[in-house]
Amino acid sequence: MRLKDHITRMPRPFDLERGQAAASSVPAVSGALHDLIVGTAGCSPYLAGLIEKEADWLPTALDDLDAAFEQVLAPPSQDLSRLKPALRQAKRRVALLAALADLAGAWSLEDVTGALTRLADMACDAALSAAVEEQVRRGRLPDTKVGLFVLAMGKMGAFELNYSSDIDLICLFDETRHDPSDYASVRKGCVRAVQEMCKLLSDLTEDGYVFRTDLRLRPDPSVTPVVLSTGAAERYYESLGRTWERAAYIKARPCAGDLSAGRAFLDELRPFVWRRHLDFAAVQDAHDMRLAIRAHKGTGGPITLPGHDMKLGRGGIREIEFFTQTRQLIAGGRDRDLRVRDTVTGLSRLAAKDWVPAATAETLTDHYRFARTVEHRIQMQRDAQTHKLPGSDEGFERLAAMMGTERAALEGELKDRLSSVHAETEGFFAPDARDPKPSMVLDDAMQARWRSYPALRSVRGAALFDRIEPVLLERLSSATKPQEALAAFDGFLAGLPAGVQLFSLFEANPQLIDLLVDIVGTSPALAQYLSRNAGVLDAVIGGSFFDAWPGGSALTDLAIARLAAEPDYEGKLDAIRAWAKEWHFRIGVHHLRQLTTATEAGKQYSDLARASIAALWPEVQAHFAKRHGPPPGRGGVILGMGSLGAGHLTPQSDLDLIVVYDPDGVDQSDGPRPLQTRSYYARLTQAMITAITTQTAQGRLYEADMRLRPSGNQGPVATSWSAFQRYQREDAWLWEHLALVRATVVAGPDSFAEDVEQFRRSIIGQVRDRRAVLVELSDMRARIAGARQPSSVWDAKTGAGRLQDIELFAQTGAVLTGEVRSGVRDGLNACVAAGILSDVDAQHLSQTHALLWRVQIASRLLSVDAVDPDALGAGGQEVLMRAVELETRSAAENRLIEMTERAAAIIDAATQGEERE
565 MRLKDHITRM
575 PRPFDLERGQ
585 AAASSVPAVS
595 GALHDLIVGT
605 AGCSPYLAGL
615 IEKEADWLPT
625 ALDDLDAAFE
635 QVLAPPSQDL
645 SRLKPALRQA
655 KRRVALLAAL
665 ADLAGAWSLE
675 DVTGALTRLA
685 DMACDAALSA
695 AVEEQVRRGR
705 LPDTKVGLFV
715 LAMGKMGAFE
725 LNYSSDIDLI
735 CLFDETRHDP
745 SDYASVRKGC
755 VRAVQEMCKL
765 LSDLTEDGYV
775 FRTDLRLRPD
785 PSVTPVVLST
795 GAAERYYESL
805 GRTWERAAYI
815 KARPCAGDLS
825 AGRAFLDELR
835 PFVWRRHLDF
845 AAVQDAHDMR
855 LAIRAHKGTG
865 GPITLPGHDM
875 KLGRGGIREI
885 EFFTQTRQLI
895 AGGRDRDLRV
905 RDTVTGLSRL
915 AAKDWVPAAT
925 AETLTDHYRF
935 ARTVEHRIQM
945 QRDAQTHKLP
955 GSDEGFERLA
965 AMMGTERAAL
975 EGELKDRLSS
985 VHAETEGFFA
995 PDARDPKPSM
1005 VLDDAMQARW
1015 RSYPALRSVR
1025 GAALFDRIEP
1035 VLLERLSSAT
1045 KPQEALAAFD
1055 GFLAGLPAGV
1065 QLFSLFEANP
1075 QLIDLLVDIV
1085 GTSPALAQYL
1095 SRNAGVLDAV
1105 IGGSFFDAWP
1115 GGSALTDLAI
1125 ARLAAEPDYE
1135 GKLDAIRAWA
1145 KEWHFRIGVH
1155 HLRQLTTATE
1165 AGKQYSDLAR
1175 ASIAALWPEV
1185 QAHFAKRHGP
1195 PPGRGGVILG
1205 MGSLGAGHLT
1215 PQSDLDLIVV
1225 YDPDGVDQSD
1235 GPRPLQTRSY
1245 YARLTQAMIT
1255 AITTQTAQGR
1265 LYEADMRLRP
1275 SGNQGPVATS
1285 WSAFQRYQRE
1295 DAWLWEHLAL
1305 VRATVVAGPD
1315 SFAEDVEQFR
1325 RSIIGQVRDR
1335 RAVLVELSDM
1345 RARIAGARQP
1355 SSVWDAKTGA
1365 GRLQDIELFA
1375 QTGAVLTGEV
1385 RSGVRDGLNA
1395 CVAAGILSDV
1405 DAQHLSQTHA
1415 LLWRVQIASR
1425 LLSVDAVDPD
1435 ALGAGGQEVL
1445 MRAVELETRS
1455 AAENRLIEMT
1465 ERAAAIIDAA
1475 TQGEERE
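All residue numbers for the sequence shown refer to the numbering used here, where the first residue is 565 and numbers rise by one.
Shown next, in the form of C-alpha cells:
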C-alpha cells in the first residue's frame, strides 16, 4: 500500500525547524508525506534521526509499505559478523515504518504492535540459530537439533509489543532428547547459545541495539541458569507456580528455536494455567499483585497527570490487562474460547460469553487503545523505555502536538479515561474496600469450632470466610428454622476439605449463598454431595443452569464434545465425571426447587447416565484398540437394564448393564497385541466397568452391576450374540425375560442395536402359559418377601404393593401379551388385556406407583440412607410431605399404608387366583 493514500491524521511539529531539517534529507518526498515527516521529526528527536539515517531507502519504502516491511523481515545471513548490523538495520526500518504509519492513522494499534512483534520474532530466531550453530562449530553442542526453544512472554507473546519494549523471554530445552550422561554438557552449550543470542540483540553498537532482553520470568531466576530443562520447569510450576505465573503464561508462545518442542511444553503446562474449576481465588491473587506493584513502584496515589505512569498507575494499561487476564483465569479452564493471548480479543471473548458486560468491554477496549497510543507517543520521542506522562509543560505540549491535539483537550481526555478505567476495575479487584458488615451470633459454641475445620485452617481460607460469614449468617437466620439451618450448614462446612476456591466463588457470586442455604436446610444428601464436589457450583453461574432440559440426544452430544476436548485417556475419565456431576447437581436442584416433577427428574437422571455411557464407550474402545486393535466383528453393545433401561433413575441409582458382542466370524483382533475375540470383549468390558466405577481425582462416575447378564456372576462378563440368543431362548428363567421388558441398548453400533431390539421383542412376544407364569411370579414374590422387608412405611421400593412389586407385576403383563414398551402403565394395561386385572385395580396400581416414585426420588434426594423423617429438618420433611401431597406426617403415613396395602392385595388376588385354579 502507498502510505500517502491512507493518511487520516497528522502530528503537529513541536519543533518546526527540526522537522524541516529532517524533511530536507528526503527531498523526493512531497505533499502530505512531506508534512507527515515534518510533523514526526518535529516531535521526535529519535525518529528525526532515523529519517535522516534511512533517507535513501525511505521514499521507495513509503511507496509500497507492505513490500518494504516484508523485505525488512526477511531473515538475514547467519554470519555473526554481519548479523549484528543487519538486525539493527531491520530494527531501524521497522520502527520508522511503524511510526509513520501509526502517526498517519494508516495502521491500527494491532497493525503497529504486530509489526514490532514480527520483528522481534525474526530477530530472536535469527540470533538463536546463529548462536546455536556457533556452539556446534565449537563442539559444545552435538548438532543444532537439541530441543532448545524460546518462549515469548508478555506483550511479545500476545503480539502487543510497544515501541521501546524490552522482550520477556523464557528459554528451555527438551532434555528427553539426550542421553542422561550428556545432559550437563548440552545444557551448558544451550546456556552459552542463549547468552550469545542476548548479546546479539541487546548490545549497543554504533548501529544501535535490536531489543533489550529480560530472562527473569523463568522459574526462580535468582538461582537458576538462563536455560532450564522442560522437566525442571514443569516440576517447578506443578509444585511452586503462582497465580502471576499462570497469568504470564496466558500470553506465552514459542517464538524461536524448536517451535514444536515449545508447543509440546505449553501443552503439558495447560493444566497449570487453566484450572478445571472456575477459579475465583485468582481475583484476590491479582488484587494482591496490583497492591504489590503499586507499593514497589510508588504508583498507588491519586491520578495526577504530571509524571503519571500510563502502564502501572491508577487507571493505566496494567489495570485493564489484569482485569482481562483474571477473568480469563477464572473461566478459561472450562471455556477454551477464552484462551486468547491479546487483551482486546480477550475482552471481546469475555463479553461474548457474558463474563463481562458488553458495554464494559467496549469501554475498556477503547480506553486500552487510547492508553497504548499515548504510551507509544511517549516512547517514540526518544526511544526510551518509559510509560510516564511528561513532568513539564514543554513535555505536555510536545505530546499534544504528536497526538495532533491541543494540550488542554489532551489533559481533559487523559483524566476522564484514567478515572473511568479505575472505576471499572477497582470494584472487581478490591473486595476489602466494601463496607464490612458485623457478623451476628446464632450459636456461640458451634460458630467457635468452625475455625478448626479443614476448610478454614489456612490463613487465606479463614480470611475469605470472615468476609462472607456475615452474609451467610444473615441468610441462615432468615430460614424457617434458623437453628436447624445452622446445624445443617455446620455439617456441610465440616465435610468441606478445602475452602479457598469455594469461599472465593461465594464472595464473587453472593447469589450462590442463597442456593447453599436452601440446600443445606433441606437436603442433607445433596449438601453432603456438594461438600465433596463443590466444583459443581461452577455450572450454576454458567448462564444456562436454569434453562430447560436439553433432552437425551443433545446431552449425549454435549458429553461427546466434552470428552473430545481432552487429549489423553485419564483426562477423559476425569472430564466425564466432572461433567456428569454438574448435570447431576442441576437435576437435584431443579427437583428440590420444584422446577421439575418426580417423573421428569427420574427421566433426567436416566438421560444423564445414558449420555455418559454412550460418550464413554467409544473412548474406552479407542484406548483399548491402541494396544489390541479395533473391536473385531460387528462390535459390542451395552444394554441398560432395570431402571436405567426403563428410563427412570434416582440420584443414587447404580447402573444395571449387560455387554453383548457379535464376532461375526472373526476369531481375533488385529492390533499390536491381538487377542482372541472372546478374550478381547471380556477385557474390553472390564476396561469399561473400570472406566465407570474407578475412583479418579474426580471421584466415581457410577456404581455398575452386571449380575443380570446370562448365568449371572457365573457367566462371562461379555456375552456373544449367538450365546445371548441361545440362552434367552433355551435357558433363561422367567425373571430374566421379565428383565428384558425394561432392557434398552444405551451404547454401541446402531445396526447391531436394532438387531438386539428386534430379538428382545421376539422374546417378550413368545406365547406363554398364563397360569404357569403367574404361579412363578407368586413364587418370586414370596422369595423377595422372605429376603427383605420394608425398613419403614417410607421405604417406597421394597415390600408388597410397593415399587418393586408393582413393576414386577407390570412386566408380567407385558410378557403375557407381548407388550414391548417398558412403562409401568403400559405393563398394567397389558395385565388388563391379559384378563388378570380390572381397569379400576390397574388405575390404583398406577396411582400407587406414581406416589411411591415421588417418595422414592425425594428420599434419595434427601438422604443417602433409608429416609428417616425424624432425622430430617423442617425443610426435608416438607419435601417428603410434598411428595405425598399431604400436609401432616400422620396423614402422609396413613395414605402410604392404605395405598400399598390395597396394591399388595390386588397383586395377591391376581396371582393367587391362578394358584387356586
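Quick reminder that beta carbons are idealized off the backbone N, C-alpha and C, glycines included.
request  = Report the residue ranges of all beta strand (DSSP E) runs contained in full by the region 1245–1288; include only those spanning at least 3 residues, in chain order.
outcome  = 1282–1284
inquiry  = Can you list, in chain order, the residues of its chain with a C-beta nearer than 6 angstroms to that of residue 688? Leave out the 5 residues immediately preceding and following it.
reply    = Numbered from its first residue, the sequence shown carries residue 688 at position 124. Correct list, in chain order: 714, 819, 820.
query = Can you give, in chain order, each stretch of the beta strand (DSSP E) that sits fully within the region 1153–1221 and has at least 3 residues?
reply = Runs found: 1199–1205.
inquiry  = Check whether the region 1165–1175 and the region 1273–1289 are in contact - that is, three or more C-beta pairs closer than 8 angstroms.
reply    = By the C-beta criterion, the region 1165–1175 is judged not to be in contact with the region 1273–1289, since fewer than 3 inter-stretch pairs fall below 8 angstroms.
task = Inspect the beta-carbon positions of residue 817 and residue 830 and report whether they are closer than 9 angstroms.
result = Within the sequence shown, residue 817 is the residue found at index 253, counting from 1. Within the sequence shown, residue 830 is the residue found at index 266, counting from 1. It is a contact, given that the beta carbons lie within the stated cut-off.
ask   = Contact between the region 571–580 and the region 954–973: three or more CB pairs below 8 angstroms?
value = yes
key: Bridge partners - residue 793, DSSP secondary structure assignment   = Taking the sequence shown and counting its residues from 1, the one referred to as residue 793 is at position 229. DSSP output for residue 793 lists 737 as bridge partner(s).
task = Taking only the alpha-carbon atoms, compute the straight-line gap between residue 749 and residue 796 and give it to the nearest angstrom.
result = Residue numbering aside, residue 749 sits at position 185 when the sequence shown is read from its first letter. Residue numbering aside, residue 796 sits at position 232 when the sequence shown is read from its first letter. Straight-line Cα distance between these residues: approximately 16 angstroms.
request  = In angstroms with no decimal places, state the Cα-to-Cα distance between residue 596 and residue 647.
outcome  = Mapped onto the sequence shown, residue 596 falls at position 32. Mapped onto the sequence shown, residue 647 falls at position 83. Taking the straight line from one Cα to the other gives about 36 angstroms.
task = Round the Cβ separation of residue 936 and residue 881 to the nearest angstrom and send it over; I've been treating them as touching at under 8 angstroms.
result = If you number the sequence shown from 1, residue 936 lands on position 372. If you number the sequence shown from 1, residue 881 lands on position 317. The pair is a contact, with the Cβ atoms about 7 angstroms apart (cut-off 8 angstroms).
task = Output the distance between the C-alpha atoms of residue 1030 and residue 1053, rounded to the nearest integer angstrom.
result = Taking the first residue of the sequence shown as 1, we reach residue 1030 at position 466. Taking the first residue of the sequence shown as 1, we reach residue 1053 at position 489. Going by the C-alpha atoms only, they are around 16 angstroms apart.
Straight-line Cα distance separating residue 1149 from residue 1471 = Reading the sequence shown from its first residue, position 907 is the one you call residue 1471. Reading the sequence shown from its first residue, position 585 is the one you call residue 1149. Rounded to whole angstroms, the separation of the alpha carbons of residue 1149 and residue 1471 is 37 angstroms.
inquiry  = I'd like the list of long-range same chain contacts for residue 682, defined as Cβ closer than 7 angstroms, with 5 residues on each side in sequence excluded.
reply    = The count along the sequence shown starts at 1 and reaches residue 682 at position 118. Excluding positions up to five away in sequence, the list reads 637.
key: Residue closest to residue 1077, alpha-carbon to alpha-carbon, out of 922, 1096, 1056, 1061   = Reading the sequence shown from its first residue, position 513 is the one you call residue 1077. Residue 1077 has its Cα closest to that of 1056, out of 922, 1096, 1056, 1061.
ask   = Since residue 1008 contacts residue 1050 with CB under 8 angstroms, what's their CB separation in whole angstroms?
value = What you label residue 1008 is simply residue 444 of the sequence shown in a count that begins at 1. What you label residue 1050 is simply residue 486 of the sequence shown in a count that begins at 1. That belief does not hold up - the Cβ atoms of residue 1008 and residue 1050 are roughly 11 angstroms apart, past 8 angstroms.
message = Assuming residue 712 is part of the beta strand (DSSP E), what are its boundary residues?
response = Within the sequence shown, residue 712 is the residue found at index 148, counting from 1. Residues 712–716.
query = Roughly how many angstroms lie between the CA atoms of residue 1339 and residue 1305, to the nearest whole one?
reply = Counted from its first residue, the sequence shown places residue 1339 at position 775. Counted from its first residue, the sequence shown places residue 1305 at position 741. Approximately 19 angstroms between the Cα atoms of the pair.
request  = Kindly list the residues whose CB is nearer than 6 angstroms to the CB of residue 548, restricted to its own chain and excluding five residues on each side of it in sequence; keep chain order.
outcome  = This structure gives no information on residue 548, because the portion of the chain shown stretches from 565 to 1481.
task = Just the C-alpha distance for residue 1309 and residue 1134, rounded to the nearest angstrom, thanks.
result = Position 745 of the sequence shown, counted from the first residue, corresponds to residue 1309. Position 570 of the sequence shown, counted from the first residue, corresponds to residue 1134. Taking the straight line from one Cα to the other gives about 26 angstroms.
query = Are the CB atoms of residue 1482 and residue 950 nearer to each other than 9 angstroms?
reply = Because the chain in this structure spans residues 565 to 1481, residue 1482 falls outside the shown range and cannot be described.
key: Same chain, Cβ closer than 6 angstroms to residue 1428, neighbours up to 5 away in sequence not counted   = Taking the sequence shown and counting its residues from 1, one reaches residue 1428 at position 864. Hits under 6 angstroms: 1089.
Residue 1168 to residue 1312 span [Cα, whole Å] = In the sequence shown, counting from the first residue as 1, residue 1168 sits at position 604. In the sequence shown, counting from the first residue as 1, residue 1312 sits at position 748. Distance between the alpha carbons of residue 1168 and residue 1312 is about 21 angstroms.
inquiry  = Could you give the first and the last residue of the continuous beta strand (DSSP E) run that contains residue 1334?
reply    = Residue numbering aside, residue 1334 sits at position 770 when the sequence shown is read from its first letter. Note, residue 1334: premise wrong, no beta strand (DSSP E); alpha helix (DSSP H) at 1334–1351.
ask   = Which residue comes first and which comes last in the beta strand (DSSP E) that contains residue 817?
value = Start at 1 with the first residue of the sequence shown, and residue 817 comes out as number 253. Looking at the DSSP string, the run of the beta strand (DSSP E) that includes residue 817 is 817–821.
query = Sorry if obvious, but does the Cβ on residue 804 come closer than 8 angstroms to a heavy atom of the ligand SAH?
reply = Within the structure as shown, the ligand SAH is missing, as the structure has no ligands at all.
query = Can you tell me whether residue 1461 is buried or exposed, with buried defined as 16 or more other CB within 10 angstroms of its CB?
reply = For this step, residue 1461 is matched to residue 897 along the sequence shown. A residue is called buried once 16 or more other Cβ atoms fall within 10 Å of its Cβ, and residue 1461, having fewer, is exposed.
query = Nearest-angstrom Cα distance between residue 1013 and residue 1083?
reply = For the purposes of this step, residue 1013 is identified with residue 449 of the sequence shown, where counting begins at 1. For the purposes of this step, residue 1083 is identified with residue 519 of the sequence shown, where counting begins at 1. Their Cα atoms are separated by approximately 22 angstroms.
task = May I have the straight-line CA-CA distance separating residue 1414 from residue 1334, to the nearest angstrom?
result = In the sequence shown, residue 1414 corresponds to position 850, counting from 1. In the sequence shown, residue 1334 corresponds to position 770, counting from 1. One C-alpha to the other measures close to 27 angstroms.
ask   = Between the Cα of residue 1261 and the Cα atoms of 1142, 1127, 1419, which residue gives the shortest distance?
value = Numbered from its first residue, the sequence shown carries residue 1261 at position 697. Nearest option by C-alpha distance: 1142.
message = Within 8 angstroms, do at least three Cβ pairs link the region 1323–1332 to the region 1377–1390?
response = yes
request  = To the nearest angstrom, report how far apart residue 726 and residue 661 are at their CA atoms.
outcome  = The sequence position of residue 726 within the sequence shown is 162, counting from 1. The sequence position of residue 661 within the sequence shown is 97, counting from 1. Looking at the two C-alpha atoms, the distance is approximately 14 angstroms.
task = Put residue 1295 into one of helix, strand or coil per three-state DSSP.
result = Taking the first residue of the sequence shown as 1, we reach residue 1295 at position 731. Shown here, residue 1295 sits in coil according to DSSP, grouped into three states, outside any helix or strand.
inquiry  = Given a cut-off of 9 angstroms on the beta-carbon distance, is the pair residue 537 and residue 790 in contact?
reply    = Shown here, the chain extends from 565 to 1481; a query on residue 537 therefore has no answer.
query = Helix, strand or coil: how does DSSP classify residue 772 here?
reply = Start at 1 with the first residue of the sequence shown, and residue 772 comes out as number 208. Of the three classes helix, strand and coil, the one that applies to residue 772 here is strand, per DSSP.
Nearest-angstrom Cα separation, counted from residue 675 out to residue 658 = Counting from 1 along the sequence shown, the entry for residue 658 is found at position 94. Counting from 1 along the sequence shown, the entry for residue 675 is found at position 111. Between residue 658 and residue 675, the C-alpha separation is close to 12 angstroms.
ask   = Is it buried or exposed for residue 839, if we count other Cβ within 10 angstroms and need 16 for buried?
value = On the sequence shown, position 275 is the one that residue 839 refers to. Answer is buried; the Cβ neighbour count reaches 16.
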